[in-house]
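Participant:
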Amino acid sequence: MGEVAVAAGPCPLREDSFTRFSSQSNVYGLAGGAGGRGELLAATLKGKVLGFRYQDLRQKIRPVAKELQFNYIPVDAEIVSIDTFNKSPPKRGLVVGITFIKDSGDKGSPFLNIYCDYEPGSEYNLDSIAQSCLNLELQFTPFQLCHAEVQIGGQLETVFLLSGNDLAIHLYKENEGLHQFEEQPVENLFPELTNLTSSVLWLDVHNLPGTSRRLSALGCQSGYVRVAHVDRQSRVVLQTWTILQDGPISRVTVFSLSAPAGAEDRPEREEYSVLVASMLEPAVVYRDLLSRGLEDQLLLPGSDQFDSVLCGLVTDIDLDGRPEVLVATYGQVGPERWGCLPPPAPSPSLCDLGPHPCRSCCVTSTAARSAGSPGPGAASACSGSGASPAPYWPWRMWT
């Protein structure tokens, strides 16, 4: 069935760069580097956005951070969430979405800004993209902004998905003829994301490689968790599994493990699991979703010992071919053998910051941000500096 253990030995990651924010960020404040074609974006609550990337200078890879001036974000605005993606081929271009709440006196006004430059040669230039804005006023308080790739009429299309306090998920799709994004009914493309009874705090849509199917997982403020198995072409929901946990769900992440072969003539198969992090309970992995649904539960030992779990990440940090589950909490005490961060550590992100061939793990905290870069042959690292460490450590999983 499998087992789990806190990984032993020293953390293979080491700090590579450190950038201090003018104000704190939140769990929705990181946007990964868009498949290596864009910078890592970090948004602060006070309306600032910073871009991070690696630059090849005199045959040395150096981290670079700079503030980006995105248009139509008022000085009194509070950024809620940010996301970025590359358009699906054959389209070209980088798209950035930012939600914020403008101070309008007695009541804040929520907005979604979508940035995209259609000028040839500027499709991936963030400075140009930041000046090309579509401003959409929202009728709800925004939460997580993410994206997913769907198939429409034989062509791939990437869309924004935005959760809110109106117990719904909103979909924004590009109208190429008008050079803008428009809201469309989410049930047309994602029937599994309807009929919600609580605000969705985290959504993860995972397309299964080599198939026309996907797994969509969502976690709600009420503790409700839903995972759906969907045919992307027919948009038929094949299977749905639900569970109710105590306390808000801070993170859900679908990931794959190679399951062992059942016989000599049967090759390994991909086994999909979901990490569920709760504010009040230990983090848990539900294994082999397609065969067992949410029945095979594996608690991550010690994940409830350091206050609320704010976020999690599944990746192979030591490049041994097996994934580790990294969890960050609000607490201030962590295992000594792993890198620690200033409390709390609200959001980790794994991304390709190029031009080096290894991925980089980046983490935000209320005190600072770190971007980790590997030494020769090692995985990327992230850790912060500060007097009080917050736990940020991995579990290794075997099947």
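Under my numbering, the first residue of the sequence shown carries the number 339, and numbering increases by one thereafter.
No residue lacks a Cβ here, since even glycine has one placed at the ideal position from N, Cα and C.
Bear in mind the structure is a predicted one, so any value in this text is a computation, not a measurement.
(1) Considering only their Cβ atoms, is the gap separating G502 from F519 smaller than 7 Å?
(2) By alpha-carbon positions, which one of L576, L499, E521, N545 ends up nearest to V538?
(3) Flag this pair as yes or no: are the beta carbons of P639 and V652 separated by less than 7 Å?
(4) Return helix, strand or coil for E475, following the three-state DSSP convention.
(5) Is E608 helix, strand or coil by DSSP?
(6) Looking at the structure shown, is S363 part of a helix, part of a strand, or coil, going by DSSP?
(7) Ignore the nearest five residues each way along the sequence and tell me which others in D504's own chain have a CB closer than 6 Å to its CB.
(8) Where DSSP assigns a beta bridge to P448, which residues make up the other side?
(9) Select from P620, F644, D645 the residue whose C-alpha is nearest the C-alpha of Q635.
(10) Please list, in chain order, all residues of the same chain as D569 whose beta carbon is under 7 Å from its beta carbon, the five residues on each side excluded.
(11) Pick helix, strand or coil for S594, following the three-state DSSP scheme.
(12) Check this for me: beta carbons of S560 and L648, under 7 Å apart or not?
(13) Among N451, V497, K384, V590, whose alpha-carbon lies nearest the alpha-carbon of F359?
(14) State the start and end residues of the unbroken alpha helix (DSSP H) segment that holds L627.
(15) I'd like the list of long-range same chain contacts for K398, defined as Cβ closer than 6 Å, with 5 residues on each side in sequence excluded.
(16) Considering only DSSP beta bridges, list what G502 is partnered with.
(17) Could you check whether G431 and E461 sit closer than 7 Å to each other, using their CB atoms as the reference points?
(18) How long is the line joining the alpha carbons of S594 and Y624, rounded to whole angstroms?
(19) Find the nearest neighbour of I452 within the set E530, P529, V497, judged by alpha-carbon distance.
(20) Quick one: Cα of V590 to Cα of V612, how far?
(21) In whole angstroms, give me the CA-to-CA distance for V574 and G370.
(22) Is it the case that the Cβ atoms of L509 and Q522 are separated by a distance below 7 Å?
(23) If I follow the unbroken alpha helix (DSSP H) through S466, where does it start and stop?
(24) Check whether the Cβ atoms of A566 and T580 lie closer than 7 Å to each other.
(25) With a cut-off of 8 Å, do at least 3 Cβ pairs link the segment 526 to 545 to the segment 454 to 474?
(26) How many angstroms separate the CA atom of R352 from the CA atom of D654?
Facilitator: In this structure, then:
(1) The sequence position of residue 519 within the sequence shown is 181, counting from 1. The sequence position of residue 502 within the sequence shown is 164, counting from 1. Against a cut-off of 7 Å, the Cβ pair of G502 and F519 comes out as no contact.
(2) Within the sequence shown, residue 538 is the residue found at index 200, counting from 1. Closest in alpha carbon position to V538, among L576, L499, E521, N545, is L499.
(3) One-based indexing of the sequence shown puts residue 639 at position 301. One-based indexing of the sequence shown puts residue 652 at position 314. Cβ atoms of P639 and V652: not closer than 7 Å.
(4) Looking up residue 475 in the sequence shown gives position 137. Strand at E475.
(5) Numbered from 1 along the sequence shown, position 270 holds the residue referred to as residue 608. The DSSP-derived three-state label of E608 is strand.
(6) On the sequence shown, position 25 is the one that residue 363 refers to. When secondary structure is reduced to three states using DSSP, S363 falls in the coil class, being assigned neither helix nor strand.
(7) In the sequence shown, the residue the question calls residue 504 occupies position 166. Cβ within range, chain order: F478.
(8) Here residue 448 is taken as the residue at index 110 of the sequence shown, counted from 1. Residue pairing by DSSP puts P448 in a beta bridge opposite I439.
(9) For this step, residue 635 is matched to residue 297 along the sequence shown. The shortest C-alpha separation from Q635 is found at P620.
(10) As a first step, residue 569 is located in the sequence shown; it is residue number 231 there, counting from the start. S550, R551, L576, listed in sequence order.
(11) Against the sequence shown, residue 594 aligns to sequence position 256. Taken through DSSP and simplified to helix, strand or coil, S594 comes out as strand.
(12) Within the sequence shown, residue 560 is the residue found at index 222, counting from 1. Within the sequence shown, residue 648 is the residue found at index 310, counting from 1. Not in contact: S560 and L648 (Cβ atoms no closer than 7 Å).
(13) Locating residue 359 in the sequence shown gives position 21, where the first residue counts as 1. Sorting N451, V497, K384, V590 by C-alpha distance to the C-alpha of F359 places K384 at the top.
(14) Mapped onto the sequence shown, residue 627 falls at position 289. First-last of the alpha helix (DSSP H) with L627: 627 to 630.
(15) The count along the sequence shown starts at 1 and reaches residue 398 at position 60. Counting only Cβ-Cβ distances below 6 Å, and skipping sequence neighbours, we find nothing.
(16) For this step, residue 502 is matched to residue 164 along the sequence shown. For G502, the beta-bridge partners assigned by DSSP are P480.
(17) Position 123 of the sequence shown, counted from the start, is the residue given in the question as residue 461. Position 93 of the sequence shown, counted from the start, is the residue given in the question as residue 431. Yes.
(18) The count along the sequence shown starts at 1 and reaches residue 594 at position 256. The count along the sequence shown starts at 1 and reaches residue 624 at position 286. Between S594 and Y624, the C-alpha separation is close to 11 Å.
(19) Reading the sequence shown from its first residue, position 114 is the one you call residue 452. Distance check between I452 and each of E530, P529, V497 places V497 closest, using alpha-carbon atoms only.
(20) In the sequence shown, residue 590 corresponds to position 252, counting from 1. In the sequence shown, residue 612 corresponds to position 274, counting from 1. Spanning the two alpha carbons is a distance of roughly 7 Å.
(21) Along the sequence shown, read from residue 1 onward, the residue named residue 574 stands at position 236. Along the sequence shown, read from residue 1 onward, the residue named residue 370 stands at position 32. Answer to the nearest angstrom: the Cα atoms are 30 Å apart.
(22) Within the sequence shown, numbered from 1, the residue matching residue 509 stands at position 171. Within the sequence shown, numbered from 1, the residue matching residue 522 stands at position 184. Closer than 7 Å, so yes.
(23) By 1-based counting over the sequence shown, the position of residue 466 is 128. Per DSSP, S466 is one residue of the alpha helix (DSSP H) stretching across 464 to 467.
(24) Against the sequence shown, residue 566 aligns to sequence position 228. Against the sequence shown, residue 580 aligns to sequence position 242. Cβ atoms of A566 and T580: not closer than 7 Å.
(25) No: the two stretches stay apart, fewer than three of their Cβ pairs being nearer than 8 Å.
(26) Here the question's residue 352 lines up with position 14 in the sequence shown. Here the question's residue 654 lines up with position 316 in the sequence shown. Taking C-alpha positions only, R352 is separated from D654 by approximately 15 Å.
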